[in-house]
Amino acid sequence: MKNRVALVTGGMGGIGSAICRHLATHGAKVIASYNKSGNHEAAKEWQAQQLAEGYDTHIYYVDVTDFQSCANLIKQIEEKFGAIDILVNNAGITCDTQLYKMDIDQWQSVLRTNLDSIFNVTRNVINKMIKHRYGRIINISSISGQKGQYGQVNYAASKAGIHGFTKSLAQEVAHNGITVNTISPGYIETQMVMAIPESVREKIIAQIPVGRFGKPEEIAQAVGFLAAESSGFITGSNLTINGGQYLT
Ligand SMILES: NC(=O)c1ccc[n+]([C@@H]2O[C@H](COP(=O)([O-])OP(=O)(O)OC[C@H]3O[C@@H](n4cnc5c(N)ncnc54)[C@H](OP(=O)(O)O)[C@@H]3O)[C@@H](O)[C@H]2O)c1
Numbered sequence: 144m145k146n147r148v149a150l151v152t153g154g155m156g157g158i159g160s161a162i163c164r165h166l167a168t169h170g171a172k173v174i175a176s177y178n179k180s181g182n183h184e185a186a187k188e189w190q191a192q193q194l195a196e197g198y199d200t201h202i203y204y205v206d207v208t209d210f211q212s213c214a215n216l217i218k219q220i221e222e223k224f225g226a227i228d229i230l231v232n233n234a235g236i237t238c239d240t241q242l243y244k245m246d247i248d249q250w251q252s253v254l255r256t257n258l259d260s261i262f263n264v265t266r267n268v269i270n271k272m273i274k275h276r277y278g279r280i281i282n283i284s285s286i287s288g289q290k291g292q293y294g295q296v297n298y299a300a301s302k303a304g305i306h307g308f309t310k311s312l313a314q315e316v317a318h319n320g321i322t323v324n325t326i327s328p329g330y331i332e333t334q335m336v337m338a339i340p341e342s343v344r345e346k347i348i349a350q351i352p353v354g355r356f357g358k359p360e361e362i363a364q365a366v367g368f369l370a371a372e373s374s375g376f377i378t379g380s381n382l383t384i385n386g387g388q389y390l391t
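Residues in the sequence shown are numbered consecutively from 144, following the numbering used here.
Laid out in structure tokens, this is it:
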């Protein structure tokens, strides 16, 4: 993937940062998009930290829930780097509660961030990929989108929706040299998961046959595999990475 232009949405998060580092290590020109509620200084600090560790990553602000914001992001990237070759739709949020307590904002914010975002970003990228007859699109879903999860009707619905998007788009653009795949992580050792009380974490680990949480680098490695030029025959698939917790 040397010199391929790669955009990772939510590129400064736990999994996103690992994806950015992995793609950079393999020679891609990596762009991490961030939101951080508009805190551009925090984004610059992340960028400086990456650089100090040897990863030269470009950064751009976006609100993935907003189509025009995504259009602006892609326009800026294309003007500076040319067409995007690798798109990793990774931005996502949770807002957990049981349905009987869930308000419309909790539903809409999760659907807009996790599912509308896939349309908002990919729609702005796809025409250039078709024109260049090359592309690798990797959508980050979740184990919750496969098996459902108590307290996550919004999150599970949004992540399940990604599979329909992936499989449909894969069929539409396969003849243009573009692959579209989904990765469904189980519990990954990010700040979000490590913030769960230890006693609860122990109960979760007991349900994972491998006996531990996954590492962000293990998701990043799978992204790198699907993003490689040599993975051109893999499309419309879902890669389950959950330590054996849920097998389809
Ligand atoms: N951690 C797990 O165990 C796990 C398991 C299964 C699936 N996943 C999925 O993996 C992906 C990454 O999760 P993570 O654990 O790395 O979480 P994270 O650290 O919270 O990263 C999520 C990223 O999404 C970005 N984001 C949120 N709202 C946004 C918006 N409106 N516009 C643009 N960017 C926005 C955030 O950007 P800023 O920080 O810049 O605001 C953040 O960096 C998510 O899609 C998540 O659902 C995670």
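Each residue gets a CB set at the ideal place from its N, CA and C atoms; glycine is no exception.
Looking at the secondary structure, which residues open and close the alpha helix (DSSP H) in which residue i lies?
i	result
Tyr391	Sequence inspection shows Thr at residue 391; the Tyr mentioned does not correspond to that position. Premise fails: Thr391 is in no alpha helix (DSSP H) and is neither H nor E.
Val231	First-last for Val231: 229-232, but that is the beta strand (DSSP E), not the alpha helix (DSSP H).
Ile162	157-168
Gly154	Per DSSP, Gly154 belongs to no alpha helix (DSSP H) and is neither H nor E.
Cys213	210-224
Asn360	Sequence check: residue 360 is Glu here, not Asn. Taken as a continuous stretch (DSSP letters only), the alpha helix (DSSP H) holding Glu360 covers 359-370.
Ser284	Where Ser284 is concerned, there is no enclosing alpha helix (DSSP H), given that its DSSP letter is neither H nor E.
Val253	247-254
Leu194	183-195
Which residue comes first and which comes last in the beta strand (DSSP E) that contains residue i?
i	result
Thr383	381-384
Tyr204	201-204
Tyr172	The displayed chain sequence assigns Lys, not Tyr, to residue 172. That run of the beta strand (DSSP E) goes 172-177.
Leu150	148-151
Since residue i and residue j should fall inside the 8 Å C-beta cutoff, what is the C-beta to C-beta distance between them, to a whole number of angstroms?
i	j	result
Ile261	Gly329	The pair is not a contact, with the Cβ atoms about 20 Å apart (cut-off 8 Å).
Ile202	Gln211	Wrong, their Cβ atoms sit about 20 Å apart, outside the cutoff.
Ile236	Asn257	7 Å
Thr333	Pro359	6 Å
Leu254	Ser327	That pair is no contact at about 18 Å.
Ser284	His306	6 Å
Ile174	Ile247	About 33 Å separates the two Cβ atoms, so there is no contact after all.
Val205	Asn232	Contact doesn't hold; Cβ gap of about 12 Å is too wide.
Phe452	Lys145	Residue 452 is absent from the structure shown; the chain starts at 144 and stops at 391.
Asp259	Thr208	6 Å
Identify every residue that forms a DSSP beta bridge with residue i.
i	result
Ile273	DSSP lists no partner for Ile273.
Arg279	Ile229, Thr322
Spell out a yes or no on whether the region 272-279 and the region 319-329 are touching, meaning 3 or more CB-CB pairs, one atom from each, closer than 8 Å. yes
For the region 289-356, list the alpha helix (DSSP H) runs that are entirely contained and at least 4 residues long, ordered along the chain. 296-316, 334-337, 341-349
Does the contact criterion of 3 or more C-beta pairs under 8 Å hold for the region 361-377 versus the region 154-173? At 8 Å Cβ cutoff, the stretches touch.
Are at least three pairs of beta-carbons, each pair with one atom in the region 302-318 and one in the region 333-340, less than 8 Å apart? no
Say whether the region 343-362 touches the region 291-300, bearing in mind that this needs 3 or more beta-carbon pairs closer than 8 Å, one atom from each stretch. no
Count the C-beta pairs between the region 148-160 and the region 242-250 that are closer than 8 Å, then say yes if the count reaches three, no if not. no
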